[in-house]
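Right, one structure below, let's go through it.
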Amino acid sequence: MFLDISDDQDALLTTTTALLARAKNRVVLGGSKASFDLELDADLEKAGVLDAASYPEFGVSTAALIVHEVGRSASIAEVAASAVIRPLICPDAPRPLAVLTGDPARAVRFLPVARAVLVLSNAGASWFPVSPDDIDVVDAYFAYPMGRLRDPASCLARAQAVADPILARRLAQLAVAAEITGVLQGGLDSVIAHVTDRRQFGRPLGTFQTVQHRLAACASKIAAAKWLAFKAGGAGATHTDVVAALASAQSAVDAIVYDLHQFLGAMGLTLEHPLYRWTYRAKHLKSEFGGASCSNRELADLYWGEPSVQKVALLA
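To convert, take the position in the sequence shown, counting from 1, and add 573; that gives the numbering used here.
Right, dumping it as structure tokens:
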């Protein structure tokens with residue numbers, strides 16, 4: 574496929590950018606390890622940008638780009654699951670939507686604000702509605718609102734199975750890949766602004782060649798992972814394309830986060846600077862689906878394992 578943005582896609586991304594610009598003025602730093610912009614979340618839903626995946630002229634690839642753009646913002650909203658997974662897997666589920674994989678007792682991002690939970694397990698995929706009474710809030714440093722199900726068995730007992738659990742898992746992997754590229758790009762944008770303004774030895778830090786080279790390397794890794802995610806959302810994309818996008822994004826996290834924090838100094842580790850809102854999210858997303866090592870092993874199995882597995886298309 575050609576990695577070109579159509580006029581329709583560009584218009585939708587322009588709408589998303591305008592909403593993010595308004596949200597930027599509401600960002601308040603300090604005193605809170607987790608954040609959720611309820612107004613931005615509602616604005617994105619009202620504008621219809623979260624439904625792009627269900628329209629042929631947009632599709633999953635456009636949803637991946639929307640997730641990337643929202644991830645770049647210091648304002649945090651639930652977009653990845655709602656834009657990439659929900660339209661095709663559980664359109665009747667109310668949002669915000671949290672995604673639970675693995676142990677049902679584990680802490681889940683967005684659960685404190687969620688109205689429904691999508692469960693992915695070896696047994697298949699299902700979703701159930703939740704209320705605040707079902708949730709215990711978890712105090713965590715991942716910038717996302719985190720929570721646990723108070724009674725997982727009771728919640729799972731009212732779950733509704735989805736029609737295509739394999740597709741649900743693939744879309745969830747793609748959503749994580751797209752979100753990683755967004756939060757890393759947002760962190761890089763913040764650091765570039767810092768080294769442009771910060772002066773050392775009589776000139777801006779960003780004019781030093783070693784700084785430029787390392788930030789350029791970060792930008793290249795992020796761009797590669799972003800376009801892999803865009804490609805993986807296209808018509809005819811395979812399971813291999815999706816896992817390649819996830820493995821690329823997760824594998825890039827550690828080196829990029831290291832560089833971003835180093836060039837911002839200790840300021841990037843405090844709640845008074847927004848960098849943590851991107852890098853701490855990236856650290857959490859890196860662990861999804863078993864982390865980069867599991868994603869790379871899955872990718873290797875798809876290339877050198879059972880050949881028929883590679884031919885399962887993500888989208889018809």
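Here a beta-carbon is modelled for each residue, glycine too, at the ideal position from N, C-alpha and C.
Fair warning: this is a prediction, and the values are worked out from it, not measured in the lab.
Note that the C-beta distance between V768 and F862 is not below 8 Å.
As for any alpha helix (DSSP H) of minimum length 4 sitting wholly inside the segment 656–707, the runs are 659–662, ordered along the chain.
With a beta-carbon spacing of about 13 Å, S648 and A591 fall beyond the 8 Å limit used to define contacts.
Contact between G838 and Y849 does not hold, since their C-beta atoms are separated by about 13 Å, which reaches or exceeds 8 Å.
For K799, same chain residues with a beta-carbon under 7 Å away, outside a window of 5 residues either side, are H641 and T754 in chain order.
For a cut-off of 8 Å, the C-beta gap from A625 to A802 is around 14 Å, too long to register as a contact. One alpha carbon belongs to T783, the other to F701, and they sit about 51 Å apart. When only Cα atoms are considered, V686 and R776 end up about 45 Å apart.
Sequence-distant partners of G697 (beyond 5 residues in either direction) whose C-beta falls short of 7 Å from its own C-beta, in its chain, are A734 and P738. For T813, the closest alpha carbon among the candidates Y853, T843, V600 and A873 is that of A873. Taking the Cβ atoms as the reference, L819 lies roughly 15 Å from L740, outside the contact range of under 8 Å. Judged by DSSP in its simplified three-state form, V815 adopts helix. Less than 8 Å separates the beta-carbon of L684 from that of G720.
C-alpha of A671 to C-alpha of Y876: approximately 31 Å in a straight line. Annotated as proximal: I658 and A745, with beta-carbon spacing under 8 Å. Membership of R595 in the alpha helix (DSSP H) is indicated by the continuous run D580 to K597. A Cβ-Cβ distance of about 6 Å is found for the pair V622 and L585, placing them in contact under the 8 Å criterion.
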